[in-house]
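A.B. asks: In terms of the numbering used here, the sequence shown is residues 254 to 327. Provided herewith is a single structure, encoded as structure tokens, for subsequent inquiry.
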Amino acid sequence: MFDDKSYNQKMDKTFEVFTKELTSLRTGRANSNMLDLIRVDVYGQKMPINQIGTITVPEPRTINIQVWDLNNVS
254 MFDDKSYNQK
264 MDKTFEVFTK
274 ELTSLRTGRA
284 NSNMLDLIRV
294 DVYGQKMPIN
304 QIGTITVPEP
314 RTINIQVWDL
324 NNVS
């Protein structure tokens with residue numbers, strides 16, 4: 254028998270992952286989502302870079318990262 258609920262859950266998860274991957278594609282413009290998978294060493298553990306500062310895209314080819322705690326900059 255076909256399990257419709259399980260199938261729909263798997264398809265939803267697949268679509269979610271695919272959508273997330275699309276946001277990190279190179280488009281010729283800077284995109285802060287390109288940094289989502291980058292982890293940095295902070296306080297002895299790996300953390301996503303977007304959790305240690307503010308990421309902005311002021312120009313099409315520029316990404317700024319303003320670190321909240323300057324002790325994390327080396």
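A virtual CB, placed ideally from N, CA and C, is assigned to each residue, including glycine. This one's a predicted model, so the numbers in the text were calculated from it and none came from an experiment.
1) From the DSSP output, in three-state form, read off N317 for me.
2) Determine the direct distance from the alpha carbon of L323 to that of T276, and round the result to whole angstroms.
3) Excluding the 5 residues flanking M300 on each side, which residues of the same chain have their C-beta closer than 7 Å to its C-beta?
4) For the segment 264-313, list the beta strand (DSSP E) runs that are entirely contained and at least 3 residues long, ordered along the chain.
5) Which same chain residues end up closer than 6 Å to V310 when comparing Cβ atoms and leaving out the 5 residues on each side of it in sequence?
C.D. replies: Let me spell this out:
1) By 1-based counting over the sequence shown, the position of residue 317 is 64. Per DSSP, reduced to three states, the secondary structure at N317 is strand.
2) In the sequence shown, the residue the question calls residue 276 occupies position 23. In the sequence shown, the residue the question calls residue 323 occupies position 70. Distance between the alpha carbons of T276 and L323: 29 Å.
3) Indexing the sequence shown from 1 puts residue 300 at position 47. Within the same chain, M300 has close Cβ partners R292, V293.
4) Secondary structure within the segment 264-313: the beta strand (DSSP E) runs of 3 or more consecutive residues, fully enclosed, are 292-295, 298-301, 306-312 (chain order).
5) For the purposes of this step, residue 310 is taken as residue 57 along the sequence shown, with counting starting at 1. Closer than 6 Å at Cβ, skipping near neighbours: A283, S285, I316.
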